[in-house]
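To start, the structure itself, in structure tokens.
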Amino acid sequence: MNFNFSAIAPVHADKGIWFLFKGNALLVSKTNSSIPVLNKEQISNSDLQFINYLGTCDSVPCFTASLNSEAISEDYHTQDLLTLYRSQDSLDADIFKIAFKAYEILNWDKTHQYCGQCGSVMNRSSIDFSKICPDCGLQNYPRISPAVITAVIKENKILLARHPRSEIFSVLAGYVEAGETLEDAVRREVMEEVNIEVKNIRYFASEPWVFSHALMVAYTAEYQSGEIKADGEEIEEAAWFSAEEIPQRIPRKVSISRKLIDWFINRNSEISLACSP
Numbered sequence: 001m002n003f004n005f006s007a008i009a010p011v012h013a014d015k016g017i018w019f020l021f022k023g024n025a026l027l028v029s030k031t032n033s034s035i036p037v038l039n040k041e042q043i044s045n046s047d048l049q050f051i052n053y054l055g056t057c058d059s060v061p062c063f064t065a066s067l068n069s070e071a072i073s074e075d076y077h078t079q080d081l082l083t084l085y086r087s088q089d090s091l092d093a094d095i096f097k098i099a100f101k102a103y104e105i106l107n108w109d110k111t112h113q114y115c116g117q118c119g120s121v122m123n124r125s126s127i128d129f130s131k132i133c134p135d136c137g138l139q140n141y142p143r144i145s146p147a148v149i150t151a152v153i154k155e156n157k158i159l160l161a162r163h164p165r166s167e168i169f170s171v172l173a174g175y176v177e178a179g180e181t182l183e184d185a186v187r188r189e190v191m192e193e194v195n196i197e198v199k200n201i202r203y204f205a206s207e208p209w210v211f212s213h214a215l216m217v218a219y220t221a222e223y224q225s226g227e228i229k230a231d232g233e234e235i236e237e238a239a240w241f242s243a244e245e246i247p248q249r250i251p252r253k254v255s256i257s258r259k260l261i262d263w264f265i266n267r268n269s270e271i272s273l274a275c276s277p
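If you count the sequence shown from 1, position 134 lands on 134 in my numbering, and the numbers rise without skipping.
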């Protein structure tokens, strides 16, 4: 699947792939959760707001819009985007990437109708995803809040923790503060949440988390010093776990937190095999 992200809409588009949202819910097929491909007549007769062009998917134009009713077709219904994401049998991973872009662009369009500096109605740029104030010249882009998520390793164990309102054990995460590097955010978050000092911080991967406008940047780090002490607010329980001791309740495989945990498990398996006689 080839997706080309672009803000410049084609002059003519007879049909397109439409990522239509009603609040946080995405319109999908009732039979296989696919995204609707609609023609001009179906769209012109629909109650849509905040229409945005996204680019092309395998040369087919992609759009997003806010859906005021579900009158597109009886074959489709809306489903919560987060629920779809967490489902084992839902959309293709590449389609989710486009859906996440659509969700971000749509929410940015909705919440940036007026200039935050002078209150004037903002104009949409014709060349990129930005808005420009015609009076004071303020320009803004879709909001992205960087956050770090870290697998802390101590010898053959990983540090997992649980929030007060959750029974799921996961790695530690938190938002980057203003003027802070990503690596400093890793050190601060781990120290604040569990009283552990880390070293040898290494980049692992990244993942957009559109539900809070975040870009999750994943790291691995090694234990340096300290005894685990949960802060009691963001973290209620934390402990070191070997690969064999990993709790049953951990994040689903689609999440970057689970990818970090799986990396640790696979790493330990490889070490064990290498040490076997």
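C-beta atoms are modelled at their ideal positions from N, C-alpha and C, and glycine is treated no differently.
None of the values given here were measured: they were computed from a predicted structure.
For residue i versus residue j, is the C-beta spacing smaller than 8 Å?
| i | j | result |
| --- | --- | --- |
| A205 | A161 | no |
| S282 | G55 | Past the boundaries of the shown model lies residue 282; the chain is included only from 1 to 277, so the question cannot be answered. |
| I235 | E193 | yes |
| V186 | A221 | yes |
| F47 | N68 | The question names Phe, but residue 47 is Asp in the sequence shown. Yes, these two residues count as a Cβ contact at 8 Å. |
| F264 | A243 | yes |
| A241 | I149 | Reading off the sequence, residue 241 comes out as Phe, not Ala. No. |
| A9 | Y76 | no |
| T64 | A102 | yes |
| S66 | Q49 | yes |
| T83 | K22 | no |
| V198 | Y223 | yes |
Excluding five sequence neighbours on each side, which residues of the same chain lie with their C-beta closer than 7 Å to the C-beta of residue i?
| i | result |
| --- | --- |
| E227 | N195 |
| R252 | R86, R258 |
| F315 | Because residue 315 is not part of the residues shown, which for the chain are 1 to 277, the question remains open. |
| E237 | A161, R162, A230 |
Can you name, in chain order, every residue of its own chain whose Cβ lies under 8 Å from the Cβ of residue i, other than the five neighbours on each side?
| i | result |
| --- | --- |
| V37 | K15, G16, I17, W18, V60 |
| N123 | K131, I132, C133, P134 |
| Y114 | S120, V121, M122 |
| H112 | M122, K131, N140 |
Quick one, which of the options has its alpha-carbon nearest residue i's?
| i | options | result |
| --- | --- | --- |
| A214 | S69, I256, E197 | I256 |
| D94 | L138, M1, W209, T150 | M1 |
| A218 | P142, I261, V210 | I261 |
| N200 | P208, S225, M216 | S225 |
| W108 | F96, I51, I158, T150 | I51 |
| V28 | Y114, D92, D58, I250 | D92 |
| H12 | N39, G119, I149 | N39 |
| E74 | Q42, K110, G23, L84 | Q42 |
| V121 | Y223, N140, R249 | N140 |
| C62 | Q117, F21, N4, K30 | N4 |
| N266 | F96, Y114, P164, N156 | N156 |
| L20 | D80, Y223, R249 | D80 |
| C136 | A151, Q117, F129 | Q117 |
Spatial neighbours of residue i within its chain, please: C-beta separation below 6 Å, excluding the five flanking residues on both sides.
| i | result |
| --- | --- |
| I104 | Checking the displayed sequence, the identity of residue 104 turns out to be Glu instead of Ile. P142, V210, listed in sequence order. |
| P146 | V176, L215 |
| I144 | L215 |
* Indicate whether the contact test is met: 3 or more Cβ pairs, each with one atom in the region 179-186 and one in the region 164-171, closer than 8 Å. => no
* 4-residue-minimum alpha helix (DSSP H) runs that sit fully inside the region 46-132, ordered along the chain -> Complete alpha helix (DSSP H) runs here, min 4: 81-86, 93-111.
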